[in-house]
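Shown next, in structure tokens, is the structure this report addresses.
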Amino acid sequence: MKGFQRVPVEHIAKALVESYRKTPRITCSEEREFPSREKVIWITEELRGLLFPGYLGNTHMCWANVEYFVGCKLDHLFVALSQEISKALRSDPKAMEETSRSCEERACEETRRFLEKLPMIREMLDEDVQAAFDGDPAAKSIEEVILSYPCVIAISIYRMAHELFVQGIPLIPRMMTEYAHSITGIDIHPGAKIGRSFFIDHGTGVVIGETCEIGDNVKIYQGVTLGALSFPKDERGKIIRGRKRHPTIEDNVTIYAGATILGGETVIGRGSVVGGNVWLTHSIPANTKVVIEEPRLRIIENRTQ
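The sequence shown begins at 0 in numbering that gives the first Met the number 0 and counts up one residue at a time.
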């Protein structure tokens with residue numbers, strides 16, 4: 000390009016390669032193929048099109064040939080998802096002894112199992128959407144909820160990712176929910192267990208941890224954290240994984256904006272209400288209301304000289 004001169008890059012390349020050797024944690028020098036983030040996002044959105052037919056994806060679906068349309072979609076998704084699951088299985092250190100062929104066979108089986116769950120996932124999403132409409136007086140229609148509410152995006156992706164997580168698929172479930180996190184501000188770990196008719200109002204800043212358990216008919220607002228109180232460590236100072244670290248929220252609970260509830264032994268009893276900005280690290284019984292005292296306001300008149 001006129002006006003630009005080429006600069007030798009040999010020394011930069013040499014320094015960068017040397018940094019690869021110095022930072023092995025973030026350098027994959029083995030012959031391992033990981034799932035493609037772009038492909039996982041595409042699969043996620045294509046799946047959402049099947050979950051909300053006529054709303055997302057091809058919105059001109061003809062009901063006269065709907066089975067053919069859905070069958071074609073499923074066929075393409077089966078191939079794409081099984082390929083990405085196969086990559087995830089091969090890249091998992093726990094499965095390094097498995098042959099490429101055995102990973103491919105397991106990937107096909109796990110993909111079939113997952114796709115068979117789509118009708119069940121749709122039934123749960125139907126209740127989630129209704130909960131959002133019923134719980135928000137600003138909602139004018141079900142269509143508005145499906146097409147515009149960030150909680151519908153986040154929860155629909157979570158419910159798919161959770162099923163893959165339960166099946167033991169590495170990497171992909173977290174890639175899916177972190178994609179949802181990036182576009183909605185709602186961070187739901189795929190390992191969390193969430194019941195029916197779940198509604199997140201507004202949503203930005205919500206965090207739901209891996210071992211959190213949420214019952215039916217739960218409503219939470221923006222900025223709520225359902226997190227870990229502490230991270231127990233072993234004798235070497237390493238975090239002990241696999242323990243329940245996040246709270247249990249029972250049925251029919253409402254948690255208002257900015258509340259923080261921490262700890263694996265913390266249980267919020269059914270029918271309770273947790274007020275805004277409350278900090279809880281212990282359990283509360285059923286049908287309890289927890290609020291912080293109203294802060295004292297100081298109003299200082301600004302008198303101009």
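Ideal Cβ positions, reconstructed from N, Cα and C, are used throughout, including at glycine. Here the structure is a predicted model, which is why all the values come from computation and not from measurement.
- Query: What is the rounded straight-line gap between the Cα of ILE145 and the Cα of PRO246?
  - Reply: 29 Å
- Query: Between PHE198 and ASP127, which are expected to be in contact by the criterion C-beta below 8 Å, what is the C-beta distance as a whole number of angstroms?
  - Reply: 7 Å
- Can you check the stretch 213-257 for any beta strand (DSSP E) of at least 3 residues that lies completely inside it and give the ranges in chain order? 224-226
- The alpha helix (DSSP H) with THR43 in it runs from where to where? 36-50
- Which two residues bound the contiguous beta strand (DSSP E) that contains THR265? Premise fails: THR265 is in no beta strand (DSSP E) and is neither H nor E.
- Message: For ILE248 and THR224, what's the separation of their Cα atoms in angstroms?
- Response: 12 Å
- Alpha carbon to alpha carbon, how far is LEU88 from ARG31? Give it in angstroms, no decimals. 11 Å
- State the Cα-Cα distance for the pair GLU9 and GLU29, rounded to the nearest angstrom. 24 Å
- What are the start and end residues of the alpha helix (DSSP H) that includes TYR67? 65-90
- Query: Taking 9 Å as the CB-CB cut-off, is ALA87 touching chain C?
  - Reply: Going by chain labels, chain C is absent from the structure shown, which holds only one protein chain.
- Give me whichever residues DSSP pairs with LYS288 in a beta bridge. VAL272
- Does the Cβ-Cβ distance between ARG173 and ALA153 come in under 9 Å? no
- Three-state class that DSSP yields for VAL128 in the structure shown: helix
- C-beta contact flag for GLY274 and LYS288 at 9 Å: yes
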